[in-house]
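A.B. asks: In terms of our numbering, the sequence shown opens at residue 39 and continues consecutively.
Note that the Cβ used here is the ideal one computed from N, Cα and C, for glycine as well.
What you are looking at is a predicted structure, and each value in this text was computed from that prediction instead of being measured.
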Amino acid sequence: MSKQTTSLLWFIGLWLVGVASVSLLAYFIKWTMRLVNLA
Numbered sequence: 039m040s041k042q043t044t045s046l047l048w049f050i051g052l053w054l055v056g057v058a059s060v061s062l063l064a065y066f067i068k069w070t071m072r073l074v075n076l077a
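So this is what it looks like as structure tokens:
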């Protein structure tokens with residue numbers, strides 16, 4: 039594998055991890071708010 043391909047894969051991987059964590063965080067906050075409202 040060339041260096042450019044490796045860096046591109048790293049970039050895509052990190053981007054996917056970032057998107058996944060942001061989505062999980064938003065989902066978690068939404069559920070927490072719902073539980074707090076019910077409590």
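Which of the three DSSP states, helix, strand or coil, is assigned to L77?
C.D. replies: Here residue 77 turns out to be Ala, not Leu, going by the sequence shown. A77 falls in the coil class under three-state DSSP.
A.B. asks: Taking DSSP as the reference, what is the three-state secondary structure of S61?
C.D. replies: Correct three-state label for S61: helix.
A.B. asks: At the level of alpha carbons, what is the spacing between M39 and V55?
C.D. replies: Taking the straight line from one Cα to the other gives about 22 Å.
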